[in-house]
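Here is the structure we will look at.
Residue numbers (my numbering): 143 to 849.
What follows is the structure, given as structure tokens:
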């Protein structure tokens, strides 16, 4: 039997060795063929004898294998900013110099060398991918090679890898599991290795608030994706690097979810991780070398070729999908032209590849905790729809990447527990502007006696829908001459902030959540003050069919939620008439009450309608699938976790509670620096049936007492 096993092992080795040799010969031959074709088509490029095609191909292979990694140490920033094309240009210059030493080979100049290098590298890179019998197997081999080159210190303490599928709601995931769109996750649940539960977001159901709460344990005073701070005269936007850095500074205590040898990949915030890449808050600090977090990815020229090719294919895919939607008159829909196809490819391919590469590097390095965000589904669902074909196609590709990571974990120097979760869901529906022919901003301006934006101030889609403030700058840009020079150490205000201060009324949109600020007053205005100054505004808003409810402050009875047929006083819970929060779920009063206590809550918070028959909302942004407010599946995210981890106590409400659960899991896995998490919360229960809630002082796992 032993000899049989050796024979089988040797046989597999011979087969793998034979495949590898065949792949090398084939790729080299294709490269030589492309060199020969270029010598015929490129004026001035002559290789002389046919055998020189093989010599040129071999020279390019040697340069890519030896010179490219060295080159990337000095040209990484160029490669990052150009998706690898800049480095191909530099490599092409080396090709020009190197091929000049090959007898009988003539190049007319450096541009031809660049073109030869780019073409041959692209052709051989694609060939290398195509001849891999299974792309998953190709990824598996890469992981195995990576483990041999860069193996961390072995340990038996399991690490925790958390992959966020941005914008994927719990119910959408359940249907995707049922319909076969996420076979990896479905297989885990069917086998019983993982469990799936929902969790409820805050009123601000968007990545900024959710991810800050998950990674830093606090998301206080983040009322929306973008908000205005009267005391600072500052417009905060969660995905603006400088603002993301400021948000993290306000919420970080230095002991975030990733503080202990953790890694942040593709996130808005770092979670206090030491290792990070494609993370906005760290980019906002302007520290470190650009792209240093994923140098290994661009060190391989074929990775750049593969990513660039995949991005171009996705651009074509988007153009086709948008055309099909228009031809079939699919509704609701929004215009998807301009630079959006490039933005989509950046999210679905480029960022995805960099994030997955980062996670793979983290696991092979044995890092204790990783949190990564894959944003492709969220981006496509915004513009296509939450369960339409191209959104689900992106979801299938994400599921495939998660399966690859799970398989690659077997080579890591420590065991890993893989958690998959989302930061929020999305709700679908025709936009507010499409339904009513006017934007929320225009309604507010007209009711306040201001001149509403004209058509030349708005962006109008081919179907006549006004895209409004969210598709352009939030306010009209003021002339550069009106900007006052900053004093030493003073922050320069943005054009939007200058315009808000000048015009007095600022309207922002975050999905189907609208925020109205009166920027000339430092304090939050009350109902009485608004009525005295703008008597038409509140009646117009509260009676509008596209408005679900308003949140306002009163002088004598605290804050109130107003609807068309009733009022809900938050301090006392008293309801007059029909409760305007009733259609928005049992958690709505607490969600609204929490946001109401924020220092920078808007003077008027506007939540759009929610149609219970269609489960649709009316976004104040030009998006088919939206999130940011209440109504529909946008506030129900999911948590899919290994079944042998302690069970979270349900209902799980708010990203700060999710943070506590994740910290408790890290403590339970044996990470001592998170031991305080168990002492601070009873967020998890003993794993395994029967599921019985346990008091904090009695939290056990088997025979081990955690406290």
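Where a beta carbon is used, it is the ideal one built from N, C-alpha and C, also for glycine.
Nearest-angstrom Cα separation, counted from residue j out to residue i
i, j, result
"residue 553", "residue 500", "15 Å"
"residue 737", "residue 773", "16 Å"
"residue 802", "residue 398", "11 Å"
"residue 310", "residue 418", "24 Å"
"residue 776", "residue 365", "16 Å"
"residue 699", "residue 731", "16 Å"
"residue 472", "residue 349", "28 Å"
"residue 378", "residue 496", "27 Å"
"residue 579", "residue 667", "29 Å"
"residue 464", "residue 735", "40 Å"
"residue 385", "residue 456", "30 Å"
"residue 588", "residue 711", "28 Å"
"residue 696", "residue 708", "15 Å"
"residue 421", "residue 489", "13 Å"
"residue 487", "residue 346", "27 Å"
"residue 355", "residue 342", "13 Å"
"residue 519", "residue 308", "7 Å"
"residue 858", "residue 485", "Residue 858 falls outside the range modelled here, since the chain spans only 143 to 849, and no answer is possible."
"residue 568", "residue 769", "5 Å"
"residue 798", "residue 526", "31 Å"
"residue 706", "residue 780", "33 Å"
"residue 324", "residue 756", "25 Å"
"residue 590", "residue 653", "23 Å"
Close-in-space but distant-in-sequence residues of the same chain around residue i (CB under 6 Å, 5 per side omitted)
i, result
"residue 648", "370, 642, 659 and 661"
"residue 597", "With a pLDDT of 36 at residue 597, under the threshold of 50, the modelled position of this residue cannot be trusted, and the question is left open."
"residue 403", "509 and 510"
"residue 186", "250"
"residue 561", "304 and 783"
Coarse secondary structure for residue i, derived from DSSP in three states
i, result
"residue 181", "helix"
"residue 380", "coil"
"residue 799", "helix"
"residue 542", "helix"
"residue 710", "strand"
"residue 410", "coil"
"residue 752", "strand"
"residue 245", "coil"
"residue 762", "coil"
"residue 789", "strand"
"residue 853", "Here the chain comprises residues numbered 143 to 849, so residue 853 is not present and cannot be evaluated."
"residue 585", "helix"
"residue 491", "helix"
"residue 472", "coil"
"residue 744", "coil"
"residue 716", "coil"
"residue 519", "helix"
"residue 145", "Confidence at residue 145 is low in this model, with a pLDDT of 36, below 50, so the placement of that residue is unreliable and no value is reported for it."
"residue 367", "coil"
"residue 463", "helix"
"residue 188", "strand"
Residue closest to residue i, alpha-carbon to alpha-carbon, out of the options
i, options, result
"residue 391", "357, 419 and 457", "357"
"residue 689", "314, 503, 575 and 568", "575"
"residue 751", "687, 707, 664 and 810", "687"
"residue 395", "385, 420, 376 and 359", "359"
"residue 313", "184, 246, 529 and 761", "529"
"residue 558", "281, 297, 307 and 714", "297"
"residue 405", "303, 556 and 676", "303"
"residue 650", "746, 685, 562 and 590", "746"
"residue 481", "494, 467, 460 and 799", "460"
"residue 704", "749, 814 and 714", "749"
"residue 199", "719, 423 and 240", "240"
"residue 259", "285, 295, 204 and 676", "204"
"residue 300", "556, 262 and 352", "556"
"residue 493", "548, 254, 479 and 449", "449"
"residue 169", "193, 178, 255 and 262", "262"
"residue 476", "328, 281, 516 and 571", "571"
"residue 416", "468, 733, 504 and 446", "504"
"residue 95", "382, 285 and 458", "Lying before the first or after the last residue shown, residue 95 is absent from the chain, which here runs from 143 to 849."
Proximal residues to residue i (C-beta, below 8 Å), its chain only, five neighbours per side dropped
i, result
"residue 334", "785"
"residue 191", "246"
"residue 533", "519, 522, 523, 526, 527 and 767"
Beta-carbon contacts of residue i that lie in its chain and below 7 Å, excluding the five residues immediately before and after
i, result
"residue 265", "172, 173 and 176"
"residue 452", "491"
CB contact below 8 Å: residue i versus chain D
i, result
"residue 521", "The chain inventory of the structure shown lacks chain D, comprising one protein chain alone."
Inset, instruction - Return the chain-ordered ranges of every alpha helix (DSSP H) run that is complete within the segment 281-324 and spans a minimum of 4 residues. - result: Secondary structure within the segment 281-324: the alpha helix (DSSP H) runs of 4 or more consecutive residues, fully enclosed, are 312-321 (chain order).
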